[in-house]
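Engineer:
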Amino acid sequence: MNFTNIPILEFKMDKQSVLIAFFTIRYGECNIECVYSKAMRKFLFAIVDRNIGFTCSLNGTYANTYINHKEALNALAQCRNHGRWDPTHFYEVLNNSLPDVNISEVTTTKYRAVSGFAVSNFEDRIYFNHWRKGNISDRQTGKTIELLGYEVLRFCQNTGVTPVYFPYPTDRTMAVMNDFKLDYEQNNSHN
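Using numbering that gives the first Met the number 0, read the sequence shown as starting at 0 and increasing by one per residue.
1. Per DSSP, what kind of secondary structure is E28 in: helix, strand or coil?
2. DSSP three-state label for F127, please.
3. So, for N101: in the same chain, excluding its five sequence neighbours on each side, which residues have a beta-carbon less than 7 Å away from its beta-carbon?
4. Near N187, what residues of its chain come up, given a Cβ to Cβ distance below 7 Å and the 5 sequence neighbours on each side ignored?
5. Keeping to the same chain, check which residues put their C-beta closer than 8 Å to that of S136; ignore five residues upstream and five downstream.
6. Give me, in chain order, the residues of the same chain whose beta-carbon lies closer than 7 Å to that of I7; leave out the 5 immediate sequence neighbours on both sides.
7. Do the CB positions of A112 and A45 come within less than 8 Å of each other?
8. In the DSSP output, which residue or residues are listed as bridge partners for S103?
9. Please state whether DSSP places V47 in a helix, a strand or coil.
10. If you draw a straight line from the C-alpha of G133 to the C-alpha of T140, how long is it?
11. In three-state terms, what does DSSP make of T3?
12. Could you tell me the alpha carbon to alpha carbon distance between R83 and F154, rounded to whole angstroms?
13. Spatial neighbours of K109 within its chain, please: CB distance less than 7 Å, with the 5 preceding and 5 following residues excluded, ordered by chain position.
14. Who are the near neighbours of H81 in its chain, counting only those whose CB is closer than 7 Å to its CB and skipping five residues on each side?
15. Please classify L279 as buried or exposed, where buried requires at least 16 other C-beta atoms within 10 Å of its C-beta.
16. Just tell me which of E70, P86, S114 has its CA closest to the CA of T64.
17. Less than 7 Å separating the Cβ of K69 from some heavy atom of the ligand NAP?
18. Closest to N128 by C-alpha separation, out of N95, H88, Y183, E145, would be which residue?
Structure representation (structure tokens):
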């Protein structure tokens, strides 16, 4: 699916000096909390009051509409009071909502709350901590796409580094969401 309204969201972020946007959209009967990183072209979603969520990585402005999280699909179907799964419908509603959302800069606390619901079970280590020299493994490839997005995956493949994750967010977690290349430039000699 092509997210045609991503440029509008990113323009709004630039205009308001927001690096990582937090906003809420309505989907059927549910509120969905959304975190979007422009640098990573990555969405995290938490379905409010359902304690569940999922992620979406954009490749440019395109995204695969597949959601690899059965419980999240069930929750979305319940939100729209519809018996079948239709992730494309959710993404269409999201795309149509982007021009009108009220955005704010995400806080570490809010990021932790949303990401705690949004990501699949990768043990308890879901927060970026630092870069490690070495080619990214197949297992790390999938985890990196889900947690950090395609832009970071390409960066890792081109630079010969692998992201290392911790069970809690740090200042570097948020720094990477803001500008992963700058974080690497400032910190790669230490790792």
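Positions of the beta carbon are idealized from the N, C-alpha and C atoms, including for glycine.
Every value quoted in this text rests on a predicted model; they were computed, and no experiment measured them.
Structural biologist: Taking the geometry as given:
1. coil
2. strand
3. F22
4. W130
5. T161
6. L97, P98
7. yes
8. F21
9. coil
10. 13 Å
11. coil
12. 37 Å
13. F21
14. none
15. With the chain covering only 0 through 190, there is no way to say anything about residue 279.
16. P86
17. As for the ligand NAP, it is missing from this structure, which has no ligand bound.
18. Y183
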